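Going by numbering that gives the first Met the number 0, the first residue of the sequence shown is number 0, and it counts up by one from there. Cβ atoms here follow ideal geometry from the backbone N, Cα and C, with glycine treated the same way. Source: prediction; values computed, not measured. Worksheet: the structure to be examined is printed underneath.
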Amino acid sequence: MKAPILILKKLPAAGMAIFPFILLKKESYKADKEIINHEKIHLRQQLELLILPFYILYLLNYLFNLVKYKKHDLAYRKIIFEQEAYDNENNLNYLEKRNWFAWLKII
0 MKAPILILKK
10 LPAAGMAIFP
20 FILLKKESYK
30 ADKEIINHEK
40 IHLRQQLELL
50 ILPFYILYLL
60 NYLFNLVKYK
70 KHDLAYRKII
80 FEQEAYDNEN
90 NLNYLEKRNW
100 FAWLKII
């Protein structure tokens with residue numbers, strides 16, 4: 000999947016996926032294969048859920064986690080979509096072998 004990459008220096012994270020774009024905080028991150036792979040996993044998740052439902056589920060999962068864990072960082076890391084992306088960002092072949100809705104295994 001070839002996604003257009005935009006550089007936004009004020010981005011609150013190193014990278015972010017907003018279909019169909021990958022947003023990066025620094026130009027140098029274009030060479031970071033793990034960040035790019037992490038964001039491509041999110042793009043695939045977004046496609047599976049027809050984009051808008053992904054964002055709704057992502058936000059609801061974060062809010063539930065925030066109530067449960069009371070810490071932003073932990074709530075964010077426990078989002079099911081983030082868990083899949085972090086667990087597989089180092090596997091650069093992951094998307095080639097990944098099953099659809101693979102994030103459901105995390106629930």
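Use the C-beta contact count for residue i: other C-beta atoms within 10 angstroms, 16 or more gives buried, fewer gives exposed.
| i | result |
| --- | --- |
| residue 55 | exposed |
| residue 26 | exposed |
| residue 39 | buried |
| residue 87 | buried |
Out of the options, which has the shortest C-alpha to C-alpha gap to residue i?
| i | options | result |
| --- | --- | --- |
| residue 21 | 106, 41, 60 and 63 | 41 |
| residue 15 | 81, 94 and 30 | 81 |
| residue 89 | 31, 71, 79 and 104 | 31 |
| residue 59 | 46, 72 and 79 | 79 |
Residue i to residue j, Cα distance in whole Å?
| i | j | result |
| --- | --- | --- |
| residue 69 | residue 12 | 20 Å |
| residue 63 | residue 76 | 12 Å |
| residue 29 | residue 99 | 26 Å |
| residue 24 | residue 35 | 12 Å |
So what does residue i bridge to, in DSSP terms?
| i | result |
| --- | --- |
| residue 5 | 22 |
| residue 16 | 21 |
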